[in-house]
Amino acid sequence: MSRLTLIHTQQELVAAVAEKTGRHVLLNAVFDSGAPETIRLNLASPNCSCYSSSHGAQTFSLDEIPFQVLSPAVLLSMSELSGWAANFTFAAEAVGEVSWGQIPQNDPRNDVPLPKLQSVIDQLLEADSLLRELPVETDLYRSYLKHPRSLRLLDGEVMSDAGQDLLANFAQATTCYVQVPELRGYCIQESVREGELGPAGEQFREWFQQACGLSGSAADAGLEYVAYSLRPLRLSGSEFRWETQTQDARRLSIDLLCRFRGQPVWTELKMVGDTWTSSALQQILLYGAMVAGGHQASRLQSYYGAEFEQDRPWLAVVVEDRDDQAFLEDFDQTLRFVQLPAAKKAVQEYFAGIILAKITRLEGQWQISEWHAIG
């Protein structure tokens with residue numbers, strides 16, 4: 001399914017226009033063999049009107065359309081254009097603060113946004129293709145959906161097959177997700193269900209938000225609260241879905257955004273009763289792949305740039321300590337795994353490093369009982 005009405009010939013334009021009414025824009029229109037431009041259309045019967053920066057306002061019938069289309073042309077209603085602007089930064093920047101319903105068809109204020117829209121036609125086409133074809137259901141995503149309690153990442157001191165698969169899947173996932181254009185926002189706050197962190201996690205989150213900071217006895221141990229439940233593949237509207245998937249990846253959310261030494265920290269939180277450290281590592285690597293690269297770094301800077309002194313983020317796994325020998329062994333093998341040169345190299349291609357931390361509760365206060373920042 002395309003989210004764009006694509007037009008390749010004049011006959012297709014006539015057919016498309018005949019079926020529609022109201023305000024639209026048409027990208028890649030050409031007057032008198034001039035340069036391609038975006039024009040405003042008001043489609044009605046029996047006569048329509050258009051406005052272009054080059055020719056001003058004109059009224060025309062479908063029998064005598066005063067412009068040609070350059071393939072591929074794109075016809076968008078104002079509501080469709082709003083959907084693009086709500087999801088993609090490049091579209092929002094092109095549309096700007098224009099309220100098309102407030103500006104008359106022949107108003108010169110159209111001369112600012114129309115050329116900007118024409119300049120992003122290739123980005124519109126590319127984003128529409130990505131929504132249809134990008135394999136967002138990566139091997140890492142499918143592995144995450146199994147929600148294993150733990151992963152055997154090491155065989156003794158050597159990386160296991162599962163560990164090798166995790167790093168290979170992370171590399172493949174980043175190659176996929178870095179193609180996503182810069183998205184707008186991370187979530188609509190009202191749609192985030194309280195309790196996604198679980199009762200214990202929500203209790204910790206509320207305390208963390210009020211306390212603002214989490215510290216420990218180690219000299220460099222410490223995280224500061226910034227935000228929670230941010231959706232890395234946030235897209236709004238039923239029309240904007242990743243089509244090549246069986247589950248809706250837009251609904252995934254990263255537990256916490258924290259700050260460490262002035263840098264962003266994408267954080268996965270696991271409380272008692274939840275999965276273990278190795279499984280949380282798989283999860284934060286999936287989320288990390290989704291926010292890797294320059295496009296989503298620009299989104300982070302746009303929304304939370306004032307919170308950070310540096311923009312190179314960390315990944316982190318924070319687990320509640322528990323009296324379980326198997327859990328403790330899993331934490332230890334996960335730590336040894338992320339310290340391996342191959343694991344460090346994979347993470348540091350996009351991130352400052354990875355943090356593993358245990359937290360404990362004492363007299364209503366949380367503190368870091370074990371801290372490792374592997375940079």
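Going by our numbering, the residue at position 204 of the sequence shown is 204; the numbering climbs one at a time, nothing skipped. Yeah, the Cβ is synthetic: ideal placement off N, Cα and C, and Gly gets one too.
Counting only the Cα atoms, residue 69 lies some 45 Å from residue 168. When DSSP reads this structure, residue 214 sits in a beta bridge with 223. Judged by beta-carbon spacing, residue 128 lies beyond the 7 Å limit of residue 241, meaning their Cβ atoms are not closer than that value. Judged by DSSP secondary structure, residue 118 falls outside any beta strand (DSSP E) and instead within the alpha helix (DSSP H) spanning 113–119.
Judged by DSSP in its simplified three-state form, residue 176 adopts helix. Contact between the stretch 274–293 and the stretch 148–158 is present: three or more C-beta pairs spanning the two stretches fall below 8 Å. Residue 43: not part of any alpha helix (DSSP H); member of the beta strand (DSSP E) spanning 37–43, first to last residue. Between residue 331 and residue 277, the CB-CB gap stays under 7 Å.
In this structure, DSSP gives residue 241 a state outside helix and strand, which the three-state scheme calls coil. Exclusion of the five residues before and after residue 355 leaves 314, 316, 373 as the residues of its chain whose Cβ lies within less than 6 Å of its Cβ. By the criterion of a C-beta distance shorter than 7 Å, residue 198 is surrounded in its chain by 271, 274, once the five residues flanking it on both sides are discounted. Taking one beta carbon from each stretch, the stretch 24–44 and the stretch 106–118 have 3 or more pairs nearer than 8 Å; the two touch. In the three-state scheme derived from DSSP, where H, G and I count as helix and E and B as strand, residue 103 is classed as coil.
Rounded to the nearest angstrom, the gap between the Cα atoms of residue 336 and residue 89 is 40 Å.
For residue 206, the secondary structure class from DSSP, reduced to helix, strand or coil, is helix. For residue 374, the enclosing beta strand (DSSP E) stretches over residues 365–374. Among the bridge pairs identified by DSSP, residue 268 is matched with 317.
By the neighbour-count criterion, in which a residue is buried when 16 or more other Cβ atoms sit within 10 angstroms of its Cβ, residue 147 is exposed. Residue range 277–291 is occupied by the alpha helix (DSSP H) that includes residue 288. 7 Å or more divides the Cβ of residue 230 from the Cβ of residue 250.
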